[in-house]
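Take any residue in the sequence shown, count from 1 to its spot, add 2: that is its number in the numbering used here.
Glycine included, every Cβ here is placed at the ideal spot set by N, Cα and C.
All of these numbers come straight from a predicted model, not from anything done at the bench.
Remarks on the structure that follows.
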Amino acid sequence: MAGAFVDGALKGFNMMERHQSRQFNEQRLSDLDKRNEERYQQEQMRRADLDKQRNAERAEDVAFRKQQAEQNNQHRNATLKSMNDYRNKSLEQRAAETTWQQNWQEQQKLYQQDQGDIALGWQAFRTYGRVPEALEEVFARNPTKDPRKYTDPSLRESVKQLHSVMGEAIKTGQLSKVNEPDSIKLFNNVFKEKINSSVGHFDKLVGAKIADVNFAGFVPVEDKEGRVALALEVTYENGSKEVKPMTKGRTSQSDDPVLTFTPKELIGTINSAATMADMMERPEYYDRLGKQLNANMGIGTRPSGRSKSPKDEYRKQLNSIQDEMTKALAKIEGGSDLDYLEDGGREQAINRVRALYQQRIDQLNSSYGIESNQHGEQENIANKSIDNLSDDELLKQLTSALGAQ
Numbered sequence: 003m004a005g006a007f008v009d010g011a012l013k014g015f016n017m018m019e020r021h022q023s024r025q026f027n028e029q030r031l032s033d034l035d036k037r038n039e040e041r042y043q044q045e046q047m048r049r050a051d052l053d054k055q056r057n058a059e060r061a062e063d064v065a066f067r068k069q070q071a072e073q074n075n076q077h078r079n080a081t082l083k084s085m086n087d088y089r090n091k092s093l094e095q096r097a098a099e100t101t102w103q104q105n106w107q108e109q110q111k112l113y114q115q116d117q118g119d120i121a122l123g124w125q126a127f128r129t130y131g132r133v134p135e136a137l138e139e140v141f142a143r144n145p146t147k148d149p150r151k152y153t154d155p156s157l158r159e160s161v162k163q164l165h166s167v168m169g170e171a172i173k174t175g176q177l178s179k180v181n182e183p184d185s186i187k188l189f190n191n192v193f194k195e196k197i198n199s200s201v202g203h204f205d206k207l208v209g210a211k212i213a214d215v216n217f218a219g220f221v222p223v224e225d226k227e228g229r230v231a232l233a234l235e236v237t238y239e240n241g242s243k244e245v246k247p248m249t250k251g252r253t254s255q256s257d258d259p260v261l262t263f264t265p266k267e268l269i270g271t272i273n274s275a276a277t278m279a280d281m282m283e284r285p286e287y288y289d290r291l292g293k294q295l296n297a298n299m300g301i302g303t304r305p306s307g308r309s310k311s312p313k314d315e316y317r318k319q320l321n322s323i324q325d326e327m328t329k330a331l332a333k334i335e336g337g338s339d340l341d342y343l344e345d346g347g348r349e350q351a352i353n354r355v356r357a358l359y360q361q362r363i364d365q366l367n368s369s370y371g372i373e374s375n376q377h378g379e380q381e382n383i384a385n386k387s388i389d390n391l392s393d394d395e396l397l398k399q400l401t402s403a404l405g406a407q
C-alpha cells in the first residue's frame, strides 16, 4: 500500500513538474512573441523614420535642384537681357551719332529739290490765289517761303522793319543793335517757323520734350568772316528753360556742330523775305519789271496767226521759259534759307539752277541754230534796300537772281 502511495506521489510530482514546465514554456514563448512583436514594431518604426528622412531629403534635394535651375535661368536671362540692352544701346548710340548728319544732308537735298516747286507755287498763287494741294508738303518744309505767309500785313511790316534794322546795323557797323529786344522780337517773328522746327523733339540731355523755341540773339563767332551763331531759348515740357545755339541738324547731340552765318548770308536771307513781302504788296510793279526784263532780253509777245514760222516757234518756246522765271522773281531773288547758308549751300543752289535753265536755253538755241549769248557780270546790290533801288538797279538784281532759277 505504501508503494501505491509512493507511486501516486511520484505521479503527482511529475504531473505538477510537467504542468509548471508547460507554464514556463508558455510564458517563455509568450515573452518571446512579445519581444519579437516589439522588435517588429521597432523595426517598422525605424523603417518609417528612414522613409520619412529619405522623403524629406529627396524633397529637399528636388527643391534645391529646382532653385538652382531657377537661379541659373534667371542668371542666363539676365545675361541675355544685359547683352541685348548693350547691343541695342550701342546701335542707338551709333544711330544717334549720325542723326544730325542725316538731318543736315536730308534738309539740303530736299531744299535743292524744292526750289523749282517753290517757284511754281508762287506762280500758282499769283495766278489763282491759292497754292496747289500737291505743293503743300513743299511749303510745309519751307514755311518761310510760303506765299500765304506774306498775306499777313503785320508779318510784312515785321519783315520791313527787320530788313531796315539789319541793313542799317551792318552798314554803320553798329552790330549791337541787332541784339536789342525789338530786333530780337522782329527776327523771331519773321523766322518763327524755322526757329520752332525742333518743337516736339525729345532732348535726351534734359530728359524732356521741347515745348517752344524762341530766338534769343546773335552770338559772334571768332572767325575772319565775322560769322555769328543764333542763340535759342528752348522751353521744355517739364517747365525748364535753356539757351542753346542753333545746330546744323537741329538735334541735342554733343557732336552736332553749331550753325553759323556771315553777315552777307544773313542779309541775303532777310532780303529774300523782304522781296517776297514787297512782291505781295506791289504785284503790278513786279509784273511791269518782268515785262521790261522780257523786252530787254528781246522777247516779244507771241504773234497771232494760224501758221507759225520757225522764228515764231522759237520766240514762243523762249518766252515760255522766261515766263516761268519772271513769275518766280520774288522767290529767286534770295535763294537762301536759314538752314542752308553754310558751306556754300546758297551758291551751290544758285549755280545748279542757273545751269539747269541755261541748259534749256542752250538746247533751244542749238535746235534753231542760234549761238547762245554770253551775259556779263551783274552789279552787286544785294545790300541795298529794295525801296532805295532804282528801276534799273532792281532790274539788274532780279536779272541776276533770274539766273538762279
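With contacts defined as CB atoms closer than 7 Å, A233 and V223 fail to qualify as a contacting pair. Residue pairing from DSSP places P247 in a beta bridge opposite A233.
In the three-state reduction of the DSSP assignment, K83 falls in the helix class. DSSP, read as helix, strand or coil, puts K226 in coil. In the structure shown, F193 adopts coil according to DSSP, grouped into three states. D51 sits in a helix when the DSSP states are folded into three classes. DSSP places V161 inside the alpha helix (DSSP H), whose first and last residues are 155-174. Only residues of its own chain outside the window of five on either side were considered, and among them L234, V236 have a CB closer than 6 Å to the CB of K246, listed in chain order. Taking the Cβ atoms as the reference, R143 lies roughly 6 Å from L112, within the contact range of under 8 Å. The beta carbons of I272 and H203 sit no closer together than 7 Å. For F66 and M85, the gap between their C-alpha atoms comes out near 28 Å. T262 carries a strand assignment under DSSP once its states are collapsed to helix, strand and coil. In this structure, T146 places its C-beta atom within 7 Å of the C-beta atom of K196. Put simply, of S322, I269, Q104 the residue whose alpha carbon is nearest the alpha carbon of D257 is Q104. N190 is not a Cβ neighbour of F220, given a cutoff of 7 Å. CA-CA distance, Q125 to K250, rounds to 31 Å. Distance from the CA of A50 to the CA of A58, rounded to the nearest whole angstrom, comes to 12 Å. Annotated three-state conformation of K179 is helix, per DSSP.
When DSSP states are grouped into helix, strand and coil, N216 belongs to the strand group. For E138, the enclosing alpha helix (DSSP H) has its first and last residue at 138-143. The shortest CA-to-CA distance from M281 to any of L261, R158, N198 is the one to R158.
Setting aside the 5 residues that flank it on each side, S160 is surrounded in the same chain by L188, N191, V192, each with a C-beta closer than 6 Å to its C-beta; the list follows chain order.
For D184, the three-state secondary structure derived from DSSP is helix. Excluding residues up to 5 positions away in sequence, L137, V140 lie with their Cβ nearer than 8 Å to the Cβ of D119 in the same chain. Between V215 and the set E239, V8, N198, L207, the nearest pair of CA atoms involves N198. For K243, the closest of L207, D35, D9 by C-alpha to C-alpha distance is L207. A residue is called buried once 16 or more other Cβ atoms fall within 10 Å of its Cβ, and V180 is buried on that count.
Around the beta-carbon of K173, fewer than 16 other beta-carbon atoms lie within 10 Å, marking it exposed. In this structure, T262 places its C-beta atom within 7 Å of the C-beta atom of R229. CA-to-CA, the gap between Y88 and R132 works out to about 52 Å. Residue environment analysis places G10 among the exposed positions, since fewer than 16 neighbouring C-beta atoms fall within 10 angstroms of its C-beta.
Cβ atoms of A276 and E239 stay farther apart than 8 Å, at about 35 Å.
Ranked by how close their Cα comes to the Cα of P259, the residues E267, D35, M248, K266 have M248 in first place. E19 and R30 have their alpha carbons spaced roughly 16 Å apart.
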